[in-house]
Amino acid sequence: MNANTRDTTERVGHCLCGDVRITAKNASNNVGACHCKMCRRWGGGPFMEIDCGAGVEIDGEENISVFNSSDWAERGFCRNCGTHLFYRLKESGQHMIPVGLFEDSDSLVFESQVFIDEKPDYYAFTNKTKDLTGAELFALFGSS
Ligand SMILES: [Zn+2]
Ligand SMILES: [Zn+2]
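Take any residue in the sequence shown, count from 1 to its spot, add 546: that is its number in the working numbering.
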């Protein structure tokens, strides 16, 4: 979601129970929100994530269940506590990781919202962000 930004930080995080620990070597400083129906069903609300690229080290991999959510992506969660760990693109290995897993929120900027056309009316963020519809997002990243 943050293809134009190369500003990254190493960030560490973990799930609620601590069985899974994540080190993202090149985590973006930009936070994105996805309002698509799948993300909202997965988490109960919009998916607030940071793009961590493919350089993600996971400690406790044996505690992760991976759900095959579409032809192009899968979603991981901790088997023990249920914490959502990543949305991963199968081809590139790119990880979108829930921003709430990470220890600190230094230098994070809420930058973009996608699938804005699927956002329900009962909430709205007031942050100034770049907003894309699902169709605009697919046009930008060329996958479907
Ligand atoms: Zn856990
Ligand atoms: Zn989504």
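Cβ coordinates follow ideal geometry from the N, Cα and C atoms, glycine included.
Could you check the C-alpha separation between TYR668 and GLY591 for me, to the nearest Å? 11 angstroms
Any chance you could list the beta strand (DSSP E) runs of at least 3 consecutive residues sitting entirely within the segment 595-659, in chain order? 602-605, 610-614, 619-624, 630-635, 641-644
THR672 versus GLN640 - alpha carbon distance: 28 angstroms
Is the closest heavy atom of ligand 2 to the C-beta of CYS561 under 6 angstroms? Not so, every heavy atom of ligand 2 lies at least 6 angstroms from the Cβ.
Does the beta-carbon of ALA573 have 16 or more other beta-carbons within 10 angstroms, so that it is buried, or is it exposed? buried
So what's LYS545 in DSSP terms, helix, strand or just coil? This structure gives no information on residue 545, because the portion of the chain shown stretches from 547 to 690.
DSSP-derived helix/strand/coil call for CYS702: With the chain covering 547 to 690 only, the question about residue 702 has no answer from this structure.
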